[in-house]
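For the record, the sequence lines run as chains A and B.
Per this note's numbering: the first sequence = residues 13 to 316.
Per this note's numbering: the second sequence = residues 13 to 316.
A short write-up of the structure that comes next.
Number of protein chains: 2
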Amino acid sequence: MTQHNHQTAPTQFVEANDIRFAYRRFGKAGVVPLVFNQHFRGTMDYWDPAITDGLAKNREVILFNNAGVSSSSGQVPTSVQEMAAHAIAFIRALGPTEVDVLGFSIGGVVAQEITAQAPHLVRRLILVGAGPRGADMSKSRSVQIFAGTYDPPEHLWLAVHFSPSPSSRAAGLAFLKRKLLRRDRDPEVSEAAAAAQREAINKYCAPAESVLDYLKDISHPTLVVQGSNDVIVPTVNSYILQQNLPNAQLTIYPDANHGSFYQYPELFVSEADQFLTSELQRDDANLQSSERLPFPSIISAKGI
Amino acid sequence: MTQHNHQTAPTQFVEANDIRFAYRRFGKAGVVPLVFNQHFRGTMDYWDPAITDGLAKNREVILFNNAGVSSSSGQVPTSVQEMAAHAIAFIRALGPTEVDVLGFSIGGVVAQEITAQAPHLVRRLILVGAGPRGADMSKSRSVQIFAGTYDPPEHLWLAVHFSPSPSSRAAGLAFLKRKLLRRDRDPEVSEAAAAAQREAINKYCAPAESVLDYLKDISHPTLVVQGSNDVIVPTVNSYILQQNLPNAQLTIYPDANHGSFYQYPELFVSEADQFLTSELQRDDANLQSSERLPFPSIISAKGI
Numbered sequence: 013m014t015q016h017n018h019q020t021a022p023t024q025f026v027e028a029n030d031i032r033f034a035y036r037r038f039g040k041a042g043v044v045p046l047v048f049n050q051h052f053r054g055t056m057d058y059w060d061p062a063i064t065d066g067l068a069k070n071r072e073v074i075l076f077n078n079a080g081v082s083s084s085s086g087q088v089p090t091s092v093q094e095m096a097a098h099a100i101a102f103i104r105a106l107g108p109t110e111v112d113v114l115g116f117s118i119g120g121v122v123a124q125e126i127t128a129q130a131p132h133l134v135r136r137l138i139l140v141g142a143g144p145r146g147a148d149m150s151k152s153r154s155v156q157i158f159a160g161t162y163d164p165p166e167h168l169w170l171a172v173h174f175s176p177s178p179s180s181r182a183a184g185l186a187f188l189k190r191k192l193l194r195r196d197r198d199p200e201v202s203e204a205a206a207a208a209q210r211e212a213i214n215k216y217c218a219p220a221e222s223v224l225d226y227l228k229d230i231s232h233p234t235l236v237v238q239g240s241n242d243v244i245v246p247t248v249n250s251y252i253l254q255q256n257l258p259n260a261q262l263t264i265y266p267d268a269n270h271g272s273f274y275q276y277p278e279l280f281v282s283e284a285d286q287f288l289t290s291e292l293q294r295d296d297a298n299l300q301s302s303e304r305l306p307f308p309s310i311i312s313a314k315g316i
Numbered sequence: 013m014t015q016h017n018h019q020t021a022p023t024q025f026v027e028a029n030d031i032r033f034a035y036r037r038f039g040k041a042g043v044v045p046l047v048f049n050q051h052f053r054g055t056m057d058y059w060d061p062a063i064t065d066g067l068a069k070n071r072e073v074i075l076f077n078n079a080g081v082s083s084s085s086g087q088v089p090t091s092v093q094e095m096a097a098h099a100i101a102f103i104r105a106l107g108p109t110e111v112d113v114l115g116f117s118i119g120g121v122v123a124q125e126i127t128a129q130a131p132h133l134v135r136r137l138i139l140v141g142a143g144p145r146g147a148d149m150s151k152s153r154s155v156q157i158f159a160g161t162y163d164p165p166e167h168l169w170l171a172v173h174f175s176p177s178p179s180s181r182a183a184g185l186a187f188l189k190r191k192l193l194r195r196d197r198d199p200e201v202s203e204a205a206a207a208a209q210r211e212a213i214n215k216y217c218a219p220a221e222s223v224l225d226y227l228k229d230i231s232h233p234t235l236v237v238q239g240s241n242d243v244i245v246p247t248v249n250s251y252i253l254q255q256n257l258p259n260a261q262l263t264i265y266p267d268a269n270h271g272s273f274y275q276y277p278e279l280f281v282s283e284a285d286q287f288l289t290s291e292l293q294r295d296d297a298n299l300q301s302s303e304r305l306p307f308p309s310i311i312s313a314k315g316i
């Protein structure tokens with residue numbers, strides 16, 4: 013059997029929820045697979061092969077286009093919750109009963125909602141450049157950056173994913189090169205699809221009372237990753253995610269923007285690999301009993 | 013030549029600044045050594061052998077007692093800056109012209125000041141459970157926890173370093189066991205020494221205008237590590253360090269308190285090892301030129 017990789021894996025299709033989902037899978041079968049959830053305007057071709065192939069060494073990697081995106085049929089829903097429901101239907105149609113889920117940007121938001129809706133389908137979560145419901149987008153420059161024009165147009169993604177420093181910019185150019193290696197490419201996302209994604213994001217970020225409460229129920233081991241100065245989803249959102257998720261590790265990379273993991277692909281693959289293969293467990297028992305325990309060992313506290 | 017480790021390395025002495033510094037060194041010679049700076053009330057015996065021996069596999073590890081602490085002579089100064097000056101004198105007396113510096117809690121504060129005072133002596137920095145000058149200690153429970161009584165007394169360190177969850181507590185008990193393995197032990201820190209340390213910490217945390225400005229000059233690759241809920245140095249301080257240091261990576265561990273790296277020693281050793289051996293450079297050129305660069309590639313931004 014040929015071992016496929018990011019460049020050679022054929023686009024396949026599976027039907028669920030009346031959607032014909034386009035997907036590609038490659039890597040080492042036999043362990044819990046890792047399902048990638050893509051960012052605003054992204055297709056399967058937008059992932060960094062250094063990341064997908066890097067992680068495919070130790071597990072199967074599954075890329076897909078969600079409903080209405082690129083080569084998948086259907087319409088992009090205008091809520092993240094519906095996107096998550098489609099993703100769950102896709103995963104179930106494909107067969108695995110347990111998956112690890114990686115989500116980037118809006119994909120990281122979808123990944124949280126997949127976990128909230130189908131907690132037993134998900135083993136571990138990796139959230140990159142994402143925020144929680146009600147995310148603080150006040151300092152985001154997303155609208156301005158996506159509305160800009162670039163020469164070449166592909167350099168939009170330097171502005172989105174990389175910082176202005178020479179080394180980040182050089183990493184960005186190397187990423188763009190890797191990204192464009194694949195020949196058999198997905199169609200770009202339509203304007204209508206992008207508009208629906210934008211509407212879903214805006215609804216998701218609306219402030220609301222107790223908006224972070226849902227995070228308490230996501231007790232899955234979670235790795236939260238972000239750049240030090242994310243101009244799309246402000247970095248503080250990852251800190252908020254980490255502080256409110258019961259079982260999350262946070263990594264913030266230096267001199268990095270929204271695409272921090274594309275700037276440090278080897279470092280990220282190493283960390284993600286370690287996270288996915290470590291002994292961590294969903295720790296409901298630990299978390300529940302810790303609420304009942306008094307502060308450890310303290311017998312009496314003298315006056316301050 | 014016998015290969016020493018945490019348990020067997022003899023306590024040696026070197027003189028500088030009229031102080032007779034006690035130290036131990038072990039591990040793989042020939043690469044940049046790693047100098048450990050200890051926390052409030054800690055001696056060389058307070059380090060976790062799983063960490064020191066783990067990191068000693070790929071470099072020489074140097075433990076020492078700063079001036080006035082335990083087996084070192086002299087007095088504990090009442091400012092962190094003076095502690096750093098002593099540490100620099102110790103390192104120079106020992107011989108290496110370049111070191112990596114790890115600091116834990118007040119040791120992490122000293123590590124920053126070592127770097128500020130002797131930027132060319134330091135190659136890379138690891139700061140665990142530390143804060144910047146003017147650290148936000150408003151939510152610290154340090155005073156209450158150190159004033160408590162514990163049975164056995166050693167369980168003070170469960171309250172300081174570990175969270176109340178069963179798994180963190182179990183990790184804490186395992187740490188205490190490791191910590192007590194060494195037979196030839198340092199004397200405990202005197203009350204006078206602890207009082208001076210406390211005074212230095214309080215001065216260091218005093219709020220002041222532009223108190224974080226010094227961090228801009230620490231362009232060394234830095235790894236900042238903290239627990240998700242640090243009751244001694246509140247976790248937000250590590251986020252503030254990362255956001256204000258020009259070249260820092262942040263890791264926050266889940267379900268962890270002040271001694272987060274003692275809770276996940278293998279994970280920490282792996283991360284720290286990768287950080288210390290990676291291709292990262294002090295990146296002054298990169299940082300300076302990035303200030304002059306406009307936002308990358310954006311040619312015109314349409315109205316919002």
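By construction, the Cβ of each residue, glycine as well, lies at the ideal position given by its N, Cα and C atoms.
Residue pairing by DSSP places T23/B in no beta bridge whatsoever. Around the beta-carbon of A159/B, fewer than 16 other beta-carbon atoms lie within 10 Å, marking it exposed. Using a 10 angstroms sphere on the CB of F25/A, the tally of other CB atoms stays under 16, which defines it as exposed. N29/A and K151/A have their C-alpha atoms spaced approximately 37 Å apart. Contact annotation for S82/A against chain B: no contact, minimum CB-CB distance about 24 Å [criterion: below 8 Å].
Against chain A, the CB of L262/B has a partner CB under 8 Å away; the residue lies at that interface.
Identification of residues in the segment 266-284 of chain B having a C-beta nearer than 8 Å to some C-beta of chain A yields P266, D267, L279, S282, E283, given in sequence order. Contact with chain A is found for N259/B, since one of that chain's Cβ atoms lies less than 8 Å from the residue's Cβ. Under the 8 Å criterion on CB atoms, S240/B is classed as interfacial with respect to chain A. Uninterrupted alpha helix (DSSP H) stretches at least 4 residues long and entirely within the segment 122-188 of chain A occur at 154-159, 168-173, given in chain order. Annotated three-state conformation of D112/B is strand, per DSSP. Within 8 Å of the CB of Y58/A, no CB atom of chain B is found; the nearest one sits about 17 Å away. Contact between P144/B and L262/B is absent: CB atoms are separated by about 13 Å, not below the 8 Å threshold.
When DSSP states are grouped into helix, strand and coil, Y265/A belongs to the strand group. Where N214/A is concerned, the enclosing alpha helix (DSSP H) starts and stops at 203-216. Taking 8 Å as the cut-off, the beta carbon of A62/A is found closer than this to the beta carbon of P277/A. Residues of the segment 14-36 of chain B whose Cβ lies closer than 9 Å to any Cβ of chain A: none.
In the assembly as shown, L75/B is a buried residue. Its beta-carbon has 16 or more other beta-carbons within 10 Å. Per the coordinates, the alpha-carbon of L192/B lies some 31 Å from the alpha-carbon of E110/B. When rounded, the separation of the alpha-carbon atoms in G184/A and R195/A is 20 Å.
Nearest to V73/A by C-alpha distance, out of A186/A, H18/A, G107/A, is H18/A. Looking at the backbone, the Cα of S222/A and that of L235/B are separated by about 33 Å. Secondary structure in the segment 14-73 of chain B: the beta strand (DSSP E) runs of 3 residues or longer, each lying completely within the stretch, are 24-28, 31-39, 46-49 in chain order. Look at the segment 241-257 of chain B: the residues with a C-beta under 9 Å from a C-beta of chain A are N241, V243, T247, V248, Y251, Q254, Q255, L257.
Between the segment 266-276 of chain A and the segment 277-287 of chain B there are fewer than three C-beta pairs closer than 8 Å, too few to call the two in contact. With 16 or more neighbouring CB atoms inside 10 Å of its own CB, H51/A falls in the buried class.
Linking A96/A to I126/A through their CA atoms gives a straight-line distance of about 5 Å.
Contact note: Q286/B reaches chain A through L279, S282, E283, using a C-beta cutoff of 9 Å and chain order.
Under the criterion of beta carbons closer than 8 Å, R190/A and D57/A do not qualify as touching, at roughly 11 Å.
Rounded to whole angstroms, the gap between the alpha carbons of F187/A and V237/A is 18 Å.
Taking C-beta atoms as the reference points, G119/A and N49/A count as a pair closer than 8 Å.
When C-alpha distances from A205/B are compared across G86/B, R37/B, R32/B, the shortest belongs to G86/B. DSSP, reduced to helix, strand and coil, places V88/B outside both helices and strands of the structure shown, so it counts as coil. Taking the CA atoms as reference points, S250/B sits about 28 Å from Y162/B. Under DSSP, V281/B takes part in no beta bridge, so it has no partner.
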